[in-house]
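Chemist: This is the structure, below, for whatever I ask next.
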DNA sequence: CGCATCTTGGAACGATCAGTACAAGATAGT
DNA sequence: ACTATCTTGTACTGATCGTTCCAAGATGCG
């Protein structure tokens, strides 16, 4: 009991993000979220609002944490469009290999479970995918890809990113995921 | 009320399969399953057992329905490994475009939601993925691919298959999905 | 017809769900 | 130190979850 918050909001948000990450939206019950954040129900609802709002804030935190990694990887200079793809997927592979953060990817998991989200959540997921796609396309053009090639490669790289998350979730090894990424960057 | 079953078991199973397909395991409530199959609760449980068993039977029916399509597409003869990949992904694209069967793919969705399944369900999903992978590898070897190339391409084609389902679920157009498939078969 | 067997819909179960209410405790300003 | 304000844990709500139970009705066999 306290008069000032007894937890770090961002750290709690990270905990919530990991729960959504691990379990997906439907299976991320409030009980699991309280356990994952270390907060009581009162603090959870008082700070973040309902489950849907907490999910969206988790998505935002996800973006704040990981988009810079992708941006940096894409910022170049790159010798070829293939190098851009390799750099992008390299970030994904590193993330999947991170022992602090279990396999999978909040965004991808969300994309696969859109029917479980409400309208606001769905819109945010779609918007984030569009953002990543735009970042990729721009970097590919900067690396010398033509308009058409940039669009095509951005789409396919996004696709590979999604497949890496799903395969990781399905138990494929890091070596196998690396192979998939390497072929995509070829 | 009846003494003999008043519904077709296989047709009911198809209905259940579509519900799991559309909603994923967690969001496929018994109410949705009774609506999707047209059965009452008593008939559902009496015929198929609990939700987990119904899911596994839906997976079996899925395999019985769609594996032959993939087998036929893979049966060749094919002029090159790339043709095998194109044939395989063509089946997936056709399935996604089928208006009778909403976008997405039960198996892929299941792979992305493994934590929601019990041990038996998880094992069956993994086994089905392994089966498809084996089918692909064999067909690729038959099309002249080397041992290493066959393994690599089978893995990547499986990856593309998964990504197609996720992207479709995320609202990407049929044209975009075709592009992804075409690049993968290149 | 009479009886056993099976099917069926609906009622009901305990568990869990997301979300709310609130009293008790801790702080900050005065 | 007093008070207003905020935070926190817990008890609680109504809804929904998966599941079980059962009486009523339909069938097949003698």
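Protein chains in written order, with UniProt numbering: chain A, 1 to 186; chain B, 1 to 186.
Quick reminder that beta carbons are idealized off the backbone N, C-alpha and C, glycines included.
#1: Roughly how many angstroms separate the alpha carbons of residue 73 (chain B) and residue 127 (chain A), rounded to a whole number?
#2: What's the C-alpha gap between residue 10 (chain B) and residue 43 (chain B)?
#3: Would you say residue 27 (chain B) lies against chain A (beta-carbon separation less than 8 Å)?
#4: Quick check: what's the CA-CA separation for residue 92 (chain B) versus residue 161 (chain B)?
#5: Alpha carbon to alpha carbon, how far is residue 140 (chain A) from residue 147 (chain A)? Give it in angstroms, no decimals.
#6: Can you tell me whether residue 80 (chain B) is helix, strand or coil according to DSSP?
#7: By a C-beta neighbour count over all protein chains shown, 10 Å radius and 16 as the cutoff for buried, is residue 6 (chain A) buried or exposed?
#8: Confirm, please, whether the CB-CB distance from residue 159 (chain B) to residue 84 (chain A) is below 8 Å.
#9: Counting beta carbon pairs with one atom in the segment 16–26 of chain B and one in the segment 103–119 of chain B, are three or more of them shorter than 8 Å?
#10: Do residue 81 (chain B) and residue 145 (chain B) have their CB atoms nearer than 8 Å?
#11: When the Cα of residue 50 (chain B) is compared with those of B:120, B:151 and B:125, which residue comes out closest?
#12: Could you list which residues in chain B have their beta carbon closer than 9 Å to that of residue 126 (chain A), in chain order?
#13: Can you tell me the Cα-Cα spacing of residue 38 (chain A) and residue 12 (chain A), whole angstroms?
#14: Three-state secondary structure (DSSP) at residue 4 (chain A)?
#15: Quick check on residue 110 (chain A): buried or exposed, where buried means 16 or more other Cβ atoms within 10 Å of its Cβ?
#16: Is the CB-CB distance between residue 26 (chain B) and residue 26 (chain A) below 8 Å?
#17: Which term fits residue 173 (chain B), buried or exposed, when burial requires 16 or more other beta carbons within 10 angstroms of its beta carbon?
#18: Which residues in the same chain as residue 69 (chain A) place their Cβ atom closer than 6 Å to its Cβ, once the five residues preceding and following it in sequence are excluded?
#19: Between the segment 152–170 of chain B and chain A, which residues of the former have a C-beta closer than 9 Å to a C-beta of the latter?
#20: Within the segment 47–111 of chain A, note down every full beta strand (DSSP E) run reaching 3 residues or more, in order along the chain.
#21: Beta carbon of residue 177 (chain B), beta carbon of residue 164 (chain B): below 8 Å?
#22: If you draw a straight line from the C-alpha of residue 116 (chain B) to the C-alpha of residue 79 (chain A), how long is it?
Modeler: Let me lay it out:
#1: 36 Å
#2: 13 Å
#3: yes
#4: Here the C-alpha atom of residue 92 (chain B) lies approximately 7 Å from the C-alpha atom of residue 161 (chain B).
#5: 9 Å
#6: In this structure, DSSP gives residue 80 (chain B) a state outside helix and strand, which the three-state scheme calls coil.
#7: Looking at its Cβ environment, which holds fewer than 16 other Cβ atoms inside 10 Å, residue 6 (chain A) is exposed.
#8: no
#9: yes
#10: yes
#11: Minimum Cα distance to residue 50 (chain B) is reached at B:120.
#12: Residues of chain B whose Cβ lies closer than 9 Å to the Cβ of residue 126 (chain A) are, in chain order, 170 and 171.
#13: 7 Å
#14: coil
#15: buried
#16: yes
#17: Residue 173 (chain B) comes out exposed.
#18: 91
#19: 152, 153, 155, 156, 158, 159, 160, 161, 162, 163, 164, 165, 166, 167, 169 and 170
#20: Counting only unbroken stretches of 3 or more residues, no beta strand (DSSP E) element lies wholly within the segment 47–111 of chain A.
#21: Yes.
#22: 43 Å
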